[in-house]
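With positions in the sequence shown counted from 1, the corresponding number in this note's numbering is that position plus 11. Glycine included, every Cβ here is placed at the ideal spot set by N, Cα and C. Just so it is clear, the structure is predicted and the values come from calculations on it, not from any experiment. All remarks here apply to the structure that follows.
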Amino acid sequence: MDVLRSNAVCHTFRLSPKSDLRKSIQEFSKSHKIKAGSIITCVGSLEQLHVRFANREKGELRKGFFEIVSLTGTFADSSCHLHIAVADTDGQTMGGHLLDNNIIYTTAEIVVAELVDIEFARAIDNTYGYNELVIKHRD
């Protein structure tokens, strides 16, 4: 295991109703030229949930009202790998790999860390055939 250290700059922003959660984070990353970022916190709600559950090939789309109880992951201006946990109106929690088309209901208040000394990339890991995180010093 290689460990790289980096200084960080925090950014905060709020998403409005009808925004797409994943696309908005990716657009933020591109517009700010973030090469390595991490979600610190996110609180808010969704009116549409689109996730891929563990070890499934396709995503599942659900309409309703969901409280965001956790959002975690890494991102860069070229990619993102985010997981979300939500609670439905009965308090049942579920989570998975965040896909596009997670639509904000009331708000999403987000704080991210930009890791300014490193950059993230993705490369195929032959163990399972997935694009996995590659971390390197920033030039």
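By alpha-carbon positions, which one of T100, T138, G107 ends up nearest to E68? The residue you call residue 68 lines up with position 57 of the sequence shown. Nearest C-alpha to E68: G107.
Can you tell me whether G152 is buried or exposed, with buried defined as 16 or more other CB within 10 angstroms of its CB? Nothing about residue 152 can be reported from this structure: the residues present for the chain run from 12 to 150 only.
Please classify S40 as buried or exposed, where buried requires at least 16 neighbouring CB atoms within 10 angstroms. Against the sequence shown, residue 40 aligns to sequence position 29. Buried: at least 16 other Cβ atoms inside 10 Å.
Ranges of the alpha helix (DSSP H) found wholly within the region 46 to 89, counting only runs of at least 4: Fully enclosed alpha helix (DSSP H) runs of 4 or longer: not present.
Which residue from D150, L72, M105, I51 puts its Cα closest to that of H61? Taking the first residue of the sequence shown as position 1, residue 61 is located at position 50. Ranking D150, L72, M105, I51 by Cα distance to H61 puts L72 first.
Quick check on DSSP: helix, strand or coil for L15? Numbered from its first residue, the sequence shown carries residue 15 at position 4. Per DSSP, reduced to three states, the secondary structure at L15 is coil, with no helix or strand assignment.
Whole-angstrom C-beta distance between A98 and V80, which should lie under 8 Å: As a working mapping, residue 80 is identified with position 69 in the sequence shown. As a working mapping, residue 98 is identified with position 87 in the sequence shown. Confirmed, about 5 Å.
Between which two residues does the alpha helix (DSSP H) holding R33 run? By 1-based counting over the sequence shown, the position of residue 33 is 22. Counted as a single uninterrupted DSSP element, the alpha helix (DSSP H) harbouring R33 occupies residues 32 to 42.
Compare the beta carbon distance of A19 and I45 with 8 Å and say whether it is the shorter of the two. Stepping through the sequence shown from its first residue, residue 19 is reached at position 8. Stepping through the sequence shown from its first residue, residue 45 is reached at position 34. No, the Cβ-Cβ distance between A19 and I45 is not below 8 Å.
Determine whether the beta carbon atoms of R133 and L144 lie at a separation below 8 Å. Sequence index remark: in the sequence shown, residue 133 carries index 122 (1-based). Sequence index remark: in the sequence shown, residue 144 carries index 133 (1-based). Taking 8 Å as the Cβ cut-off, R133 and L144 qualify as a contacting pair.
Strictly by DSSP, which residues pair up with Y141? Translated into the one-based positions of the sequence shown, residue 141 becomes position 130. Note: Y141 sits in a beta bridge opposite D136.
Close beta carbons around F76, own chain, < 8 Å, minus the five adjacent residues each side: Taking the sequence shown and counting its residues from 1, the one referred to as residue 76 is at position 65. The beta carbon of F76 sits closer than 8 Å to the beta carbons of S56, L57, E58, D99, T100, Y116 from its chain, once the five residues preceding and following it are set aside; these are given in chain order.
Express the C-alpha separation of N137 and P28 in angstroms, rounding to a whole number. By 1-based counting over the sequence shown, the position of residue 28 is 17. By 1-based counting over the sequence shown, the position of residue 137 is 126. So the two alpha carbons sit approximately 40 Å from each other.
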